[in-house]
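Each residue of the sequence shown is one higher than the last, beginning at 3 in the numbering used here. Below is one structure, written out as structure tokens; the observations come after it.
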Amino acid sequence: MRCILVILASVLSAMTVNAGEQSKNAYDFSFKTISGEPLPFSEFRGKLVMVVNTASECGFTGQYKNLQTVWSRYRDKGFVVLGVPSNDFGNQEPGEEAQIKSFCEVNFDVDFPLTSKVHVTGDDAHPFYRWASDEMGFLAKPRW
């Protein structure tokens, strides 16, 4: 989880992608939950969202516990931790969604929202990550 990407409320403000294109903001994007259900970002309107790239076999996997603590403490105050599993960094998330979900629940009692496993870098990156990278530049690009 060294490849943590934190995208806070500023991402959730309306920002244009390009002057010639229709305005986009984070609420225009959607993930799928780890269970395969739709997870539109519009569900998080008015909340502070921390998007975290995760990997079950990473040396920083223990941070799931800290993320769960933050989620438990602040979720009633409008703070959301959104875990985004990805295998883009050293193949440290090889499992399928059911395995990832079970690993997080059994080992760290995770109940914060997790998305399905997605690419967060490169040409196959999830549209949200491509948008965030275009919008906020180098600092928003997930890197290892």
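C-beta: ideal position from N, C-alpha, C; glycine also.
Query                                                                                                       : Result
Where N27 sits in the DSSP three-state scheme                                                               : coil
Every unbroken alpha helix (DSSP H) within the region 44-121, with a cutoff of 4 residues, ordered by chain : 65-76, 99-110
Own chain partners of F1 with C-beta closer than 7 Å, once the 5 adjacent residues on each side are dropped : Given a span of 3 to 146 for the chain in the structure shown, any question on residue 1 remains unanswerable.
Classification of N55 by the beta-carbon crowding that lies within 10 angstroms, buried from 16 upward      : buried
For P129, three-class secondary structure by DSSP                                                           : helix
Range of the contiguous beta strand (DSSP E) that encloses K34                                              : 32-34
Through-space distance from M138 to P115, alpha-carbon basis                                                : 24 Å
For P40, the first and last residue of its enclosing beta strand (DSSP E)                                   : 40-42
Validate contact between the region 118-126 and the region 94-102 using beta carbons, cut 8 Å, 3 pairs      : yes
A57 beta carbon less than 8 Å from that of F43                                                              : no
Collapsed DSSP secondary structure at S37 in the structure displayed                                        : coil
Distance, G38 Cα to D78 Cα                                                                                  : 25 Å
Residue from G64, E98, V112, C60 with nearest C-alpha to V83                                                : V112
Residue from G124, H128, G85 with nearest C-alpha to E107                                                   : G85
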